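Single-structure report; data block below.
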Amino acid sequence: MESVGALGSPIGANLLSLPATCPWDEDEESLGLEGIKPKSSPIPRRRSSVSSDDSLPPPSSSRRVSFADAFGLSLVSVKQFDARGVTTPSGPLESDLNEDKEYYMVPLFTLPQTTEELVLRVHEQKLELESLELISGTSTLRGIVRVLNVCFNKMVYVRTSLDSWRSHFDLLAEYIPGSNNGGMDCFSFKLTLVPPFGEEGARVDFCLRYDTSLGTFWANNNEKNYSLFCCEKIKVKAPNVSENRRKSCLKITR
Numbered sequence: 001m002e003s004v005g006a007l008g009s010p011i012g013a014n015l016l017s018l019p020a021t022c023p024w025d026e027d028e029e030s031l032g033l034e035g036i037k038p039k040s041s042p043i044p045r046r047r048s049s050v051s052s053d054d055s056l057p058p059p060s061s062s063r064r065v066s067f068a069d070a071f072g073l074s075l076v077s078v079k080q081f082d083a084r085g086v087t088t089p090s091g092p093l094e095s096d097l098n099e100d101k102e103y104y105m106v107p108l109f110t111l112p113q114t115t116e117e118l119v120l121r122v123h124e125q126k127l128e129l130e131s132l133e134l135i136s137g138t139s140t141l142r143g144i145v146r147v148l149n150v151c152f153n154k155m156v157y158v159r160t161s162l163d164s165w166r167s168h169f170d171l172l173a174e175y176i177p178g179s180n181n182g183g184m185d186c187f188s189f190k191l192t193l194v195p196p197f198g199e200e201g202a203r204v205d206f207c208l209r210y211d212t213s214l215g216t217f218w219a220n221n222n223e224k225n226y227s228l229f230c231c232e233k234i235k236v237k238a239p240n241v242s243e244n245r246r247k248s249c250l251k252i253t254r
């Protein structure tokens with residue numbers, strides 16, 4: 001009797017032959033491992049470099065949190081400020097700002113004393129300074145220039161110097177609407193001086209220029225220019241009442 005399943009039997013050869021490849025051969029060859037590994041427990045593969053987990057920095061032992069007291073230092077830093085240099089709103093700084101300063105003007109020239117004299121100068125030199133004043137409570141000069149109406153288009157300038165003509169600038173005067181009278185027009189100008197001034201005050205020198213289509217005309221106080229000083233009034237402080245009372249309380253011993 002023939003035994004079923006014997007090796008070399010043509011009948012059982014196909015039943016006992018191993019398959020050509022095993023399902024885990026590829027894993028073994030690629031990983032270089034020997035032996036049989038179950039498919040239910042695969043060996044983890046190396047992740048790609050483009051994985052999102054690789055973008056996170058690896059944990060480093062150099063990142064440590066330390067406090068100042070571990071090195072013998074203080075946890076609180078206290079800085080002291082000197083309150084003596086701080087001025088309160090009711091201090092002397094506010095009183096200086098709120099104190100009204102007064103100014104006065106010392107002109108070194110004389111204006112025409114009568115209307116006839118003014119009209120005569122305007123006809124002779126085509127323009128003349130009619131008035132000049134210091135606006136009360138300010139250091140601003142306001143002047144009026146009267147010109148002869150030789151043409152419709154005209155420009156009036158005040159050439160001013162604050163350093164005895166080492167330098168100068170031209171200030172444009174503005175036409176005063178409705179000022180035409182007897183063939184003459186009026187222009188006004190303002191000049192603001194910035195304190196503090198020197199001991200003698202701020203010196204101002206200026207002359208007048210009148211530009212027309214017929215030519216340019218000047219007025220400069222008979223070639224002496226219009227000069228003046230703007231000074232600050234020095235206020236005399238009233239005696240302190242408390243000091244007077246304190247002195248009166250002193251008794252004279254004999």
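Numbering (full-length UniProt numbering), first residue to last: 1 to 254.
Virtual Cβ for every residue (Gly too), placed ideally from N, Cα, C.
The structure presented is a predicted model; accordingly, all values stated were derived computationally and were not measured.
Once you ignore the five residues that flank residue i on each side, which residues in its own chain have a CB closer than 6 Å to its CB?
i: D205; result: S161, N225, S227
i: L33; result: At L33 the pLDDT is 48, less than 50, meaning the model places this residue with poor confidence; the figure from the coordinates comes in the next sentence. If we look at L33 and ignore the five residues flanking it on each side, it has no Cβ neighbours.
i: M155; result: D211
Pick out whichever of the options has its Cα sitting closest to the Cα of residue i.
i: L111; options: F152, L132, C207; result: L132
i: Y157; options: E232, V119, Y175, T115; result: Y175
i: F189; options: D100, A202, V122, D170; result: D170
i: D211; options: L108, A202, F109, N153; result: N153
i: G183; options: I135, C151, H168, S213; result: C151
i: S136; options: E116, N222, L172, Y103; result: Y103
i: L172; options: E200, P195, R142; result: R142
i: S181; options: V194, L214, T115; result: The amino acid at residue 181 is misidentified as Ser; the sequence shows Asn. Of V194, L214, T115, the residue nearest in Cα terms is T115.
i: M105; options: G201, E124, H168, S167; result: G201
i: K101; options: P195, S167, E199, H168; result: P195
Who are the near neighbours of residue i in its chain, counting only those whose CB is closer than 7 Å to its CB and skipping five residues on each side?
i: L118; result: P112, E128, E130, R146
i: F197; result: C230, C231, E232
i: T192; result: S139, T140
i: C207; result: R159, W218, A219, N220, N225, Y226
Using the Cβ count rule (16 or more neighbours within 10 Å means buried), how would you classify residue i?
i: K235; result: exposed
i: D185; result: buried
i: V122; result: buried
i: P89; result: Bear in mind that a pLDDT of 49 at P89, under 50, signals an unreliable position, so the number given afterwards is only what the model happens to contain. Exposed, by the Cβ-count rule.
i: F187; result: buried
i: L134; result: buried
What whole-angstrom Cβ distance do residue i and residue j have, given they're in contact under 8 Å?
i: S164; j: R203; result: 7 Å
i: K126; j: L148; result: 5 Å
Among residues of its own chain, excluding the 5 on either side of residue i, which ones have a beta-carbon nearer than 8 Å to its beta-carbon?
i: T216; result: R209, Y210
i: S167; result: S161
i: S213; result: C151, N153
i: V50; result: Reliability fails at V50, whose pLDDT of 49 lies under 50, so the model's placement of it is uncertain and no value is given.
Identify every residue that forms a DSSP beta bridge with residue i.
i: C189; result: According to the sequence provided, residue 189 is Phe. The question's Cys does not apply to it. Looking at the DSSP assignment, F189 forms a beta bridge with G143.
i: V236; result: Partner(s): none; V236 has no beta bridge.
i: P107; result: L228
i: K154; result: T212
i: T160; result: F169, F206
i: E223; result: Answer by DSSP bridge pairing: none, since E223 is not bridged.
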